[in-house]
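First comes the structure, then the notes that go with it.
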Amino acid sequence: MPLRLLLTLVLMSFSTIAIAQDDALLDASTIPLDLKIKANAVIRYDQVTIEVKSYDKFIYKQTQIVTVLNAQGDSKPGTYVHYNKNIDVNSLEARVYDSRGEEIKKIRKNDFLDVSAVSGGTLYSDSRVKYLDYTPINYPYTIRFETEVVYHSTAFLPSWMPIDGFYCSTEFSEYKIINESDVAIKVKSSNVDNFDIEQHSDYHFSAKNLKSLKPEAYSPSFQTFAPKVKVALTKFRMEGVDGANNTWEDFGKWVHDELLAKTEVLPIEVITEVKELTKDATTDYDKAKLVYEYMQNKTRYISVQVGIGGWKPMLAGEVDRLGYADCKGLSNYTKALLKEIGVESNYAIIYGDRGIRNIDKEFSSVEGNHAVLCIPNDEKDIWLECTSQTNPFGFTAGFTDDRDALLITPEGGKIVHTTVYPTETNLQDTKATINLTNDGSISADVVIKTYGYQYALHEGVQNKPLRDQKLNLKEYWDYINGLSVDAIVYDNDKDNVVFTETAKVTSSSYATKSGKRFLVQPNAFNRVTGIPTRYKNRTLDFEIDRGFTDTDEFIIKIDPTLKIEAMPDDVSISNAYGSYQFSLEKISENELLYKRKYVLNKGYYPKEDYKAFRAFISQIVKHDKTKIVLISKT
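Quick note on the working numbering: the sequence shown kicks off at 159 and runs consecutively.
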């Protein structure tokens, strides 16, 4: 047989096998049973190939087949591509199949919806997205998605996460980089040893039969335990600007020299104004505080995703003229104002979110989703959230606290840690005077003061309508029957970072009556009511990302026609997770003093300790329901 004919037959044979395998992946009945367990969708096949042509061009190719098992899995097929003037979509196609693998719809490139890739809160962006808008008729169904995209902006090389979030399993996934350039590529893999993942070469990975992961109470963020491979070019181009990325130092140097340089020029009248504003301030701290408040009163936040990939801030002069900017523009504008009064500050890139996420100190790349400002200080660096019009000066709890950030200096970038708010400073102090009548009703004056992270949780409610303010307290004290909020007063002390809520409340049926006796729960205004979920076999470690302290002191004045018949003993509990104490003291014939202190410690704990942690919280819930017994004197 001629060699050419033999090769043709061999290729035809391989093609036939590939088609047969592909057809099997379109049939939902062929999914292995263990991949369906706790899964809303199954990635049947996902192949990603990245061809790096040069430091300023790579080609991304993907073939993905996903079977969606129910409505909760509709978001799992990644049937979309982003593009702009530096990203070209060469090909794009999707096919939809029923549960048996029969094709029911074909969607070509021009049939995909084409919209702006940003929300209505963004002023302008040149980023767009093509996406498949498909409404399923029945479940399960399967989508095969294929695309080829050419990138001329190479700062972001797509990473590989073979498990696509919770409740999604993976039958097969492959990731391969073909480097045809002379640029070195950095690679970092995380958590791959705990899964069936094979590394074929430095830039070639595959995974098979990865079962879905289910979230558990207090579980760490998904990225901390899920497998991931991330890559970066050591030389790249971002929107026409060349950059270096061997270390955080040279990446930060590039940000400083190429993105921030020549952006801080301000109008002469503004410079004169801030110098006049701060002329009597005697310290850099006082000067910076005045300038920060000046910026807050003069500007507002709005997203502006233009310039170098959304990374270059607006000119400071433009921010001053327009009165708005995004996090980059506002941070850079504040930096420019401070520079004019002789106060040094540094722009910083960070992950801003309620959850704590760090910039990876071991792997320099284009990271972060937010920009802030840092003022060096001998005692403790001062961090400024420039997008907030209400934040106290130097206060960052709840969004950018306790995480690694990339500080941009003239000498280059360096990883620094933002302000940590210790457990004892994240304080909520509640005091109340409670009047209990002989029909079981109460009236009370309650004062709640919050500090640190707990300040961040409470501050802002004063800006809501009165109806929502009352609803907020009713939801907080939802265990009180017939609660009425009669008055609320707020005091936001931004200088000392203390938020005070003063409320007058009543309840027509607080105590439980049984014959001549009343059962009264002395902890009226700060109960832990929820017990963490029980797991027969917990699979994930657990984390308390921020510690806090609650102190409570309630004076309970009892109607003279009632007397105290029984009181609970004092309680004190202490362990690795925190501590809890309460006490009841009879300070007169018809007056009790209830004291309580609850501390929850920050920490990361192995899954084996979860049962003990749950028992600790269960004890608190139990003791917060403690009752005293009153009896009528008549």
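Note that beta-carbon positions come from the ideal geometry of N, C-alpha and C, so glycine has one too.
Item: T143 versus R302: straight-line alpha-carbon distance, rounded; Value: Nothing in the structure corresponds to residue 143, since the chain is present only between 159 and 792.
Item: CB of G640 within 7 Å of CB of S672, strictly; Value: no
Item: C-beta contact flag for V655 and P580 at 7 Å; Value: no
Item: Rounded separation between V210 and V477 - CA only; Value: 38 Å
Item: At least three beta-carbon pairs within less than 8 Å, the stretch 779 to 790 to the stretch 757 to 764; Value: no
Item: Same chain, Cβ closer than 6 Å to N228, five either side skipped, listed in chain order; Value: N198, Y297
Item: Neighbourhood of T207 by C-beta distance below 6 Å, restricted to the same chain and skipping five residues each side; Value: K219, K334
Item: Alpha-carbon to alpha-carbon, D559 and L542; Value: 11 Å
Item: H310 in three-state terms, based on DSSP; Value: coil
Item: Residue from I533, E332, E374, L417 with nearest C-alpha to H358; Value: E332
Item: Candidates G552, N455, F394, of which the one nearest V578 by Cα; Value: G552
Item: Environment of E422 [buried if 16+ CB atoms lie within 10 Å]; Value: buried
Item: Cβ neighbour criterion (16 or more within 10 Å) applied to I189; Value: buried
Item: Identified DSSP bridge partners for H575; Value: D562
Item: For T441, the nearest candidate out of P471, L496, A419, N490 (CA to CA); Value: L496
Item: Residues bridged to K420 (per DSSP); Value: In DSSP, K420 forms no bridge with anything.
Item: Uninterrupted alpha helix (DSSP H) stretches inside the stretch 418 to 456 (no shorter than 4 residues); Value: 426 to 435, 442 to 456
Item: Same chain, Cβ closer than 7 Å to I778, five either side skipped, listed in chain order; Value: V686, Y738, Y756
Item: DSSP-derived helix/strand/coil call for G610; Value: helix
Item: Helix, strand or coil at T660 [DSSP, three-state]; Value: strand
Item: Length-filtered (3 minimum) beta strand (DSSP E) runs lying within the stretch 670 to 703; Value: 670 to 672, 675 to 678, 700 to 702
Item: Start-end ranges of the alpha helix (DSSP H) lying completely within the stretch 722 to 792, minimum 4 residues; Value: 768 to 782
Item: Closest Cα partner of G514 within the set E431, A506, A563; Value: In the sequence under discussion, the amino acid at residue 514 is Ile, which differs from the Gly named in the question. Comparing Cα positions, the closest option is A563.
Item: Nearest residue (CA-CA) to K456, options H414, S522, P235, A483; Value: A483
Item: Residue of L417, G571, N242 minimising C-alpha distance to K470; Value: L417
Item: Rounded straight-line distance, which links the Cα of K572 to that of Y611; Value: 26 Å
Item: Cβ contact check for the stretch 589 to 598 and the stretch 713 to 723: 3 or more pairs under 8 Å; Value: yes
Item: When P235, K264, N248 are compared against F216, the one with the closest alpha-carbon; Value: N248
Item: The stretch 649 to 663 / the stretch 616 to 628 touching (three or more Cβ pairs under 8 Å); Value: yes
Item: Own chain partners of G278 with C-beta closer than 8 Å, once the 5 adjacent residues on each side are dropped; Value: Residue placement at G278 is flagged as unreliable, the pLDDT there being 42, under the threshold of 50; the coordinate-derived value follows with that caveat. There are no such residues.
Item: Closest Cα partner of N145 within the set Y609, R202, K288; Value: Residue numbering for the chain in the displayed model covers 159 to 792; residue 145 lies beyond these limits and cannot be assessed.
Item: Selection from D728, D511, S347, A773 that minimises the alpha carbon distance to E520; Value: S347
Item: Chain-order list of residues whose beta-carbon lies under 7 Å from that of Q547 (same chain, five-residue window excluded); Value: Q454, R458
Item: Rounded C-alpha distance that separates K411 from Y450; Value: 26 Å
Item: Where F324 falls: helix, strand or coil (DSSP); Value: coil
Item: Cβ separation of Y325 and K196, assumed to be a contact under 8 Å, to the nearest whole Å; Value: 6 Å
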